[in-house]
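K.L.:
Here it is, the structure in full.
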Amino acid sequence: MDYNFIFPKDLYSEVRIEERYRIWLTIRNGKIENDGEYTEVGAMVRVFDGNMWYTATTNTLEDIQSQLDSLTKIATPDPDIYENEVVKAFEVNQDVIMNFDKESDIRNVPRSRWKEILDDYVEKCSDPEDKDITFRECYIGGEHEKKHLITSKGTDVAWDMQSCYFGFNYGFTVDGVTSYGNYYAVKMTLPELIGLEEKVLEKKELYLDYAKNAKDIDPGEYECVLAPMVTAMFTHESFGHKSEADFMLTDKALAKEWVIGKKVGSEKISICDDGQLLNHGYAPYDDEGTKACKTYLMKDGVLIGRLHDSKSAVTMGEQKTGNSRAQDYHKQPIVRMTNTYMEPGTDKFEDMIAGIKDGIYVRDVSNGTGNSTFVINPTLCFRIRDGKVCEPVRVHMLTGNVFRTLFDVDAVGDDYELFDTYSCGKNGQGIRVSAGGPSIRVKKLSIS
Amino acid sequence: MHRAKDTWSQNKSTFEFDEGKLVSFGRESNFESSHKIYRDGITGIYYHIGKVSDEEGYAKARKNLERERPYPFELETGTRARDKRERVLTDRELQSKAENCIKYLNETYPKFRCKIRFTGTEYDRRTVNDLGMDYRSQDYAVGISGSFKHCDSKNIDDGYFEFNMRDFDENVFRQVADDYFGQYEVMNKIPEEVILDVTYYGLVSFFSQHLNGEELARGTSLLTGKIGEKLFSDDFTLIHDATDEEAWFNTFWDGDGCVFENDKLVLVENGVLKTGYADKKTAREYNIPHTGPAYDSFSDIPGAGGLNLRIARSGKTVKELLDGRLCVVPVDFTSSGFNEKGEYTMLIQNSLLFNGEKVLGRLPEFKIASTVFDMFGKDFIGVSSDRPIYYDKQLLVRVNIV
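Going line by line, the protein sequences match chains A and B.
Position one of the first sequence corresponds to residue 282 (our numbering), numbered consecutively onward.
Position one of the second sequence corresponds to residue 621 (our numbering), numbered consecutively onward.
Structure representation (structure tokens):
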């Protein structure tokens, strides 16, 4: 759709129009629990006068021009606004990238097709006679979004993105205690969600074993092997957030700690962020209109890059990276990760385990946080004894000091995976991201 | 055939400050509606973000009857309006008050880098149906939220705070700032007996899950079969309370349109488990009493949920509850949540030591553990009558260091 906005003179301004379609279906304990669908259209209008941003949102596209005009009235005009360093840094791009054609665009998939796939999974993965299972919930859904950014500098970029998800939650009640386990997958198109039964059932068996046999563990420090999904979260939480440059614009303590060129971890570790990959963190242009690129954050244990928006890049005198992202049209963009991953190494999983006398294998994870001490809340852990993965153990929390743990990684596996199942929260904004990595071995992590 | 309509509107103005400087002002206007048609035990629903005419809304809801979402219940009736607004600020008034607060912070605590948002939110929620039901709830509050860090810290952030006021009082902001930052550079030892002073919204979510009628009926709740038993402290009473003054932007009716007697449902009384809760659908499905509440859904039929849980206040202040002891106020922490056995772990990365009147300084990082039955049982101290530090309701509970 073509728009012809009249942008105010002497102010930088932009309009970000978003169209979002969502569909979801849940079958819980044999009955449809949720069945919903909607389309949302909205826009964020922003005006910058060199000192402050003025923003307004609307669900009525016809109101965009009037919103722009009303913000213009409260901003302070600056005839030299286009000489402002941040404004100068905004890229000018014109592009249209539509990744999903008539066949793959979920907006063209009838609801009955989603229901068929869901019913098929319920039938194949949820035997009603299975007495071990006391809770069953199977869900499927998707989201298609289209963004269109138009700026007073001449940027006009539009692109689309979609994701489809499927999950199965099981509850197993043993001696009055119900443990839950789940399988969850996110793909870009609906057909990719078909045929995952084996993976669902494999997860079900692992969690059933946990429910029946998990042992409590003495809190303390253990040598750990993290599975790819856990490494992915560790990478995102422990290191990724510290690479977001908006945290350290005028923060001398952090800037001193995270100097480019400093050795910050084991030479086996290299970490990247890449918004160009058509995965869950895909953002070919960020919400300031900067083209995405692959950014090495750590190479062979040395800090070599950071994630930037235009302001942080200008302030720190570094290259823009296309990481200015907003949750949706209600929010202003801030520095965010996209698809962030630790690159694979050459170590074999069996060799990592073989070297451990008494340790923990962390197989699956629910969530985590990252500050100087990072936290990972695992959902599935196993004891490692004499080089073998043994019985499941009940671990509440895995913690470690970021600065030490990055040096404590002494093996990096060749079994890399990128997970589209993550979302990330920062400053009240949740955003889709991907996180990836291989199995890694860490000399010491605190377990409780 | 019957018709019903839900509407929700929220207008927000936000002033955002970073490192003592106003960096953005934003206006947000949101409107959502849900048109519903009920016929022969099923309902068709049309959820729309933005404005839509009733003609179009009901036409699309009628079409959605083909989804056959079951709702074999009588619609509720009744009329009532509740307006919790005290003082709605203009953008200029909000800006002026916010700038006064930031000025105080800049002048008094220059060693702290803060990112703070002041958001004025006006809320209007209404449900009407063609049987004459007309319920409306209005509210306004200024929410102040932010993160902070000391200039010498190597952390991304050292802590967070968030509180709301219906009548924005700058003195409250100054008091909160004094509590957080006034003694921040004084490092203390962790007391031998650790008493946590925390807002308890995260902790009582255990009861939202385990008192859900479906979980109780299916045997997947840790509380299955325990209705009528004394499980917790004599002083622990847990209520779903739609009148809670510290609940923001909430309704007094639930997703089924039901209103509680005195707007309350007592779930635990003096430690005795009185009842679980079930919406109409769950009650029918599991043949259990309908108690409510149901969560409010604009896009589908309601289900069990939507609790606004409050622990009955003790009548004593934090200082009185402490009775000479000290407590720990976490300002940066991560919890594991309750696991399947009701066990709980929390990493407290940054916290303040408090005697009920004065913050004495900061504590080093440590980890604590407990269980839901200990927290609300033998280790439960109480919920204070006053609201120091958090400017919100807070729980005092003994925990173990691990």
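C-beta atoms are modelled at their ideal positions from N, C-alpha and C, and glycine is treated no differently.
What you are looking at is a predicted structure, and each value in this text was computed from that prediction instead of being measured.
1) How would you write the range of the beta strand (DSSP E) that Tyr-800 of chain B sits in, first residue to last?
2) For Phe-569 of chain B, which residues in chain A fall below 8 angstroms Cβ to Cβ?
3) Roughly how many angstroms lie between the CA atoms of Arg-705 of chain B and Arg-327 of chain A, to the nearest whole one?
4) Can you give me the C-alpha to C-alpha distance between Arg-664 of chain A and Leu-399 of chain A, rounded to a whole angstrom?
5) At what residues does the alpha helix (DSSP H) containing Thr-728 of chain B begin and finish?
6) Cβ atoms of Arg-606 of chain A and Glu-424 of chain A: under 8 angstroms apart, would you say?
7) Between Asn-658 of chain A and chain B, is there a C-beta pair that is closer than 8 angstroms?
8) Taking the runs of the beta strand (DSSP E) that are 3 residues or longer, which of them lie wholly in the stretch 601-646 of chain A?
9) Between which residues of its own chain and Ala-521 of chain A is the CB-CB distance below 6 angstroms, once the five residues before and five after are set aside?
10) Determine the contact status of Trp-868 of chain B and Asp-759 of chain B, defining contact as a CB-CB distance below 8 angstroms.
11) Whose C-beta lies closer than 7 angstroms to the C-beta of Phe-801 of chain B among residues of the same chain, with five residues either side of it excluded?
12) When you check each C-beta in the stretch 308-319 of chain A against every C-beta of chain B, which residues fall closer than 8 angstroms?
13) Does the distance from the C-beta atom of Gly-542 of chain A to that of Leu-474 of chain A stay below 8 angstroms?
14) Asn-450 of chain A versus chain B: which residues are under 7 angstroms apart at the beta carbon?
15) Determine the closest residue to Lys-629 of chain A out of A:Val-656, A:Ala-370, A:Leu-306, A:Val-506, with distance taken between C-alpha atoms.
16) Please report the distance separating the alpha-carbon of Arg-945 of chain B from that of Thr-937 of chain B.
17) According to DSSP, is Glu-473 of chain A part of a helix, a strand, or is it coil?
18) Which stretch, first to last residue, makes up the beta strand (DSSP E) that contains Tyr-491 of chain A?
19) Is any beta-carbon of chain B found at less than 8 angstroms from that of Asp-645 of chain A?
20) Inspect the beta-carbon positions of Phe-1000 of chain B and Tyr-667 of chain B and report whether they are closer than 8 angstroms.
21) Apart from the five residues just before and just after Lys-669 of chain A, which ones in its own chain have a Cβ nearer than 6 angstroms to its Cβ?
22) For Thr-470 of chain A, collect the residues of the same chain with a Cβ closer than 7 angstroms to its Cβ; drop the 5 residues on either side in sequence, then sort them by chain order.
23) Within the continuous alpha helix (DSSP H) that includes Ala-681 of chain B, where are the two ends?
24) Where does Phe-738 of chain B sit, in a helix, a strand or coil, going by DSSP?
25) Suppose the cutoff is 7 angstroms on Cβ atoms and the five residues either side in sequence are ignored; what does the same chain contact list for Asp-626 of chain B look like?
26) Less than 6 angstroms between C-beta atoms, sequence neighbours within five positions excluded: which residues of the same chain meet that for Asn-631 of chain B?
27) If we ignore side chains and look at the alpha-carbon of each, how far apart do Thr-663 of chain B and His-677 of chain A end up?
28) Measure the alpha-carbon distance for Val-643 of chain B versus Leu-714 of chain B and round it to whole angstroms.
29) Going by DSSP in three states, Thr-1008 of chain B sits in which element: helix, strand or coil?
30) Distance, Cα to Cα, Glu-314 of chain A vs Tyr-420 of chain A?
31) Using a C-beta to C-beta distance shorter than 7 angstroms, which residues of chain B count as neighbours of Glu-321 of chain A?
32) Considering only the beta carbon of each residue, do Thr-857 of chain B and Val-886 of chain B sit closer than 8 angstroms?
33) Would DSSP call Glu-672 of chain A helix, strand or coil?
34) Pick out the complete beta strand (DSSP E) segments inside the stretch 861-931 of chain B, 3 residues or longer, and give them in chain order.
35) What did DSSP end up calling Pro-984 of chain B once you bin it into helix, strand or coil?
36) By a C-beta neighbour count over all protein chains shown, 10 Å radius and 16 as the cutoff for buried, is Asn-285 of chain A buried or exposed?
P.N.:
According to the data block:
1) Premise fails: Tyr-800 of chain B lies in the alpha helix (DSSP H), 790-801, not in any beta strand (DSSP E).
2) Here chain B comprises residues numbered 621 to 1022, so residue 569 of chain B is not present and cannot be evaluated.
3) 30 angstroms
4) Taken atom to atom, the span from the alpha-carbon of Arg-664 of chain A to that of Leu-399 of chain A is near 35 angstroms.
5) 711-728
6) No, the pair does not count as a contact, with Cβ atoms beyond the cut-off.
7) It does; some Cβ of chain B falls within 8 angstroms.
8) 620-623
9) Note that residue 521 of chain A is Gly in the sequence shown, not Ala. Excluding its 5 nearest sequence neighbours in each direction, Gly-521 of chain A has C-beta neighbours in its own chain below 6 angstroms: Met-618, Thr-621, listed in chain order.
10) yes
11) Take Phe-801 of chain B, set aside five residues on each side of it, and the residues of its chain with a beta-carbon closer than 7 angstroms to its own are Tyr-729, Phe-732, in chain order.
12) Asn-310, Lys-312, Ile-313, Glu-314, Asn-315, Asp-316, Gly-317, Glu-318, Tyr-319
13) no
14) Close to Asn-450 of chain A, with beta-carbon spacing below 7 angstroms, lies no residue of chain B; the smallest spacing is near 11 angstroms.
15) A:Val-506
16) Spanning the two alpha carbons is a distance of roughly 13 angstroms.
17) helix
18) Element bounds for Tyr-491 of chain A: not the beta strand (DSSP E) but the alpha helix (DSSP H), 478-494.
19) no
20) no
21) none
22) Ser-385, Cys-445
23) 674-683
24) strand
25) Here the set comprises Ser-653, Ser-654, Thr-747, Phe-918.
26) Ser-649, Glu-742
27) 43 angstroms
28) 15 angstroms
29) In the sequence as presented, Thr is not what sits at residue 1008 of chain B; that position holds Pro. Here Pro-1008 of chain B sits in coil by DSSP.
30) 9 angstroms
31) Ile-669
32) A contact, by the Cβ cut-off of 8 angstroms.
33) strand
34) 884-889, 929-931
35) coil
36) Its Cβ having fewer than 16 others within 10 Å, Asn-285 of chain A is exposed.
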